[in-house]
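The sequence shown begins at 73 in the working numbering and counts up one residue at a time. Cβ coordinates follow ideal geometry from the N, Cα and C atoms, glycine included. Model, not experiment: these values are computed from the prediction. Everything on this sheet refers to the single structure shown next.
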Amino acid sequence: MARKLFVVGVGPGSPKYLTDAAKEAIKKSRYIVGYSYTLSTIEGVINRSQQEIHKVTMNTQETVYQDIYGKMKDGDYCTVPFTGDVNFSESEVVDRLLQIFGEGNVEIIPGISSIQVAAARSHVPIDKALVVTFHVTGDIEQKKADLLEAVKKGMSVILLPRPWPRDPAKHFMQSEIAKFLRGNDVDTSKLKAWVFEHLTTDRESSFRGMVSDLEGKEFSDLSAMVIDQSKPQTYLDF
Ligand SMILES: C[S@@+](CC[C@H](N)C(=O)[O-])C[C@H]1O[C@@H](n2cnc3c(N)ncnc32)[C@H](O)[C@@H]1O
Numbered sequence: 073m074a075r076k077l078f079v080v081g082v083g084p085g086s087p088k089y090l091t092d093a094a095k096e097a098i099k100k101s102r103y104i105v106g107y108s109y110t111l112s113t114i115e116g117v118i119n120r121s122q123q124e125i126h127k128v129t130m131n132t133q134e135t136v137y138q139d140i141y142g143k144m145k146d147g148d149y150c151t152v153p154f155t156g157d158v159n160f161s162e163s164e165v166v167d168r169l170l171q172i173f174g175e176g177n178v179e180i181i182p183g184i185s186s187i188q189v190a191a192a193r194s195h196v197p198i199d200k201a202l203v204v205t206f207h208v209t210g211d212i213e214q215k216k217a218d219l220l221e222a223v224k225k226g227m228s229v230i231l232l233p234r235p236w237p238r239d240p241a242k243h244f245m246q247s248e249i250a251k252f253l254r255g256n257d258v259d260t261s262k263l264k265a266w267v268f269e270h271l272t273t274d275r276e277s278s279f280r281g282m283v284s285d286l287e288g289k290e291f292s293d294l295s296a297m298v299i300d301q302s303k304p305q306t307y308l309d310f
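Encoded structure:
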């Protein structure tokens, strides 16, 4: 039996959004390797006297994943927990884990995404919105073009911004998004927006206004944004 990996979405922060399937995988694992925010979400499920818990950062993760893989015996399970849904805006790490453990030894367990919670709070259906993450390391020019096109077509947008404080050229948070849209002939004073910070946690807060109001405003890295152009349409309309 090979060394097995669970790649688990644990929800946006509150343990209330942790599924039973996620809990089962975590409990079955001898090793748990994650970022501190994600580990804090599952603190109530892990057993520090029986499981090995390893905290990683962006700089240490590669070494730690390799070390743990090297230490594991056949039949051991490891869980790497991810915030929200592991299938959204996590592929840079997930793809690396698939390489290290081998596709056939990895089970992906979905979680509730911050995007889903933002959709729920704003009443903007996901299927009527462009859903996009700017929280990636690579080039985002195509994503910006998609955003602009969606807004001009009258679609709603549910997005994760890109915090990059050390490089203002890469920073694409709410204020930059508002300026980008205005700079591309969108009347942002008529475009409704929501920003949700720290969703599902006791620090949760929300901003509701127009996209133009976002210029110059700063929000947490832990934020999701909704551009709301939704129009109600019920079965009575058909
Ligand atoms: C690398 S992405 C991970 C997204 C995650 N996989 C998901 O499905 O929500 C990290 C970004 O997710 C968003 N995010 C995660 N948890 C959040 C929360 N509790 N409240 C608001 N935004 C959150 C923030 O934009 C954060 O910078």
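A distance below 8 Å separates the beta carbons of residue 148 and residue 103.
Taking 4 residues as the minimum length, the alpha helix (DSSP H) runs contained wholly in the stretch 115-172 are 133-143, in order along the chain.
Excluding residues up to 5 positions away in sequence, 266, 298 and 300 lie with their Cβ nearer than 7 Å to the Cβ of residue 194 in the same chain. By the beta-carbon neighbour count (other beta carbons within 10 angstroms, threshold 16), residue 89 is buried. Under DSSP, no beta-bridge partner is assigned to residue 187. Just so you know, the alpha carbons of residue 99 and residue 180 end up roughly 15 Å apart. Residue 310 is classed as exposed because its beta carbon has fewer than 16 other beta carbons within 10 Å across all chains shown.
DSSP lists 280 and 298 as the bridge partner or partners of residue 266. DSSP places residue 201 in the strand class (E or B) of the three-state scheme. The residue among 126, 232, 239 and 282 with its C-alpha nearest the C-alpha of residue 250 is 282. Looking at the DSSP output, residue 76 shares a beta bridge with 149. A check of alpha carbon separations from residue 134 across 286, 185 and 172 identifies 172 as the nearest. In the displayed model, residue 231 falls within a strand according to three-state DSSP. Only residues of its own chain outside the window of five on either side were considered, and among them 197, 198, 201, 230 and 298 have a CB closer than 8 Å to the CB of residue 191, listed in chain order. Taking every protein chain shown into account, the CB of residue 296 has 16 or more other CB atoms within 10 angstroms, so this residue is buried.
Between residue 272 and residue 189, the C-beta gap is smaller than 8 Å, which places the two residues in contact.
Under the 10 Å beta carbon count, residue 76 is surrounded by 16 or more other beta carbons and is classified as buried. Here residue 155 is not near residue 87, since their CB atoms are 8 Å or more apart. Inclusion of residue 183 and residue 258 in the CB contact set at 8 Å is not warranted, their separation being larger than that value.
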